[in-house]
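First comes the structure, then the notes that go with it.
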Amino acid sequence: RRNGMIGNIYSMGLALQALETSSEFYAPRKWDRAQAFHVVYNHDYTQPMAIAQVLPPLVGKSYLNAGGVCQVPALPLSPPTAPITVQFSITNTLRNYFHYSISVCVPDNSTLLQVMKVARNEKPDIFCFKTVSTSLGPYVTSIHGLAGNTDDRTYWQFFSSWSPLQQGGHVGLVGHKALCWGSPCRSLTHLSATGVGTYKPKNWEHIQAIFSTY
11 RRNGMIGNIY SMGLALQALE TSSEFYAPRK WDRAQAFHVV YNHDYTQPMA IAQVLPPLVG
71 KSYLNAGGVC QVPALPLSPP TAPITVQFSI TNTLRNYFHY SISVCVPDNS TLLQVMKVAR
131 NEKPDIFCFK TVSTSLGPYV TSIHGLAGNT DDRTYWQFFS SWSPLQQGGH VGLVGHKALC
191 WGSPCRSLTH LSATGVGTYK PKNWEHIQAI FSTY
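Throughout, our numbering is defined as the position within the sequence shown, counted from one, plus 10.
Here it is as structure tokens:
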């Protein structure tokens, strides 16, 4: 189904384990494993749990006999690519106004967190920031010494140009069901927790961090 996709990309690991270890129950035709493995090979997994689930079937194993896996076959290395330029801005219009912008050069495929670190290295007095570790990844709590506050209902929200970055790393419009990066409700912050660690800006993309209210 769906060109080899079984459920969604994050259910593929366990599905492949089950199918690889129960081939004697297939009837009347053999399962076409090539399509499913093609889906896995072409996805860039970043979540540790998903990686742990998908690695065993790549070597014909499952969790039941994963103890016999001694090594994972090496994947072909991608050719080196040219670095990219990303513009990063921080803005506060609520009180004690400030706005700063910088263009940084980073390796292609870099995450937004890496972009922020390069900006901090180049101008630490301006682009300093703090994060806290969560089970979903780094959560940005403060930029330029200004931290979000639940009493004031303030937080840092991230944009690509003027479009808010939302769940899944997509650019879209804010709606009553659209949860944007920096959402102060920790139980609902999938993107605000992991977004900076997984979102990968494109060449000449303008990323803005704007101090906002909710």
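We put the beta carbon where it would ideally sit given N, CA and C, even for glycine.
Just so it is clear, the structure is predicted and the values come from calculations on it, not from any experiment.
- Residue environment analysis places residue 172 among the exposed positions, since fewer than 16 neighbouring C-beta atoms fall within 10 angstroms of its C-beta.
- Collapsing the DSSP output to three states places residue 47 in a helix.
- Our two residues, residue 100 and residue 60, have alpha carbons roughly 33 Å apart in a direct line.
- In the DSSP assignment, residue 125 falls within the unbroken alpha helix (DSSP H) covering 122-132.
- Between the beta-carbon of residue 97 and that of residue 111 there is about 6 Å, and that keeps the pair under the 8 Å contact cut.
- When only Cα atoms are considered, residue 133 and residue 174 end up about 25 Å apart.
- Under the criterion of beta carbons closer than 8 Å, residue 214 and residue 95 qualify as touching, at roughly 6 Å.
- Out of 103, 222, 64 and 29, the CA that lies nearest to the CA of residue 168 is found in 222.
- As computed with DSSP, residue 110 is found in a beta bridge with 100.
- For the set 143, 116, 170 and 224, the Cα lying nearest the Cα of residue 163 is the one of 224.
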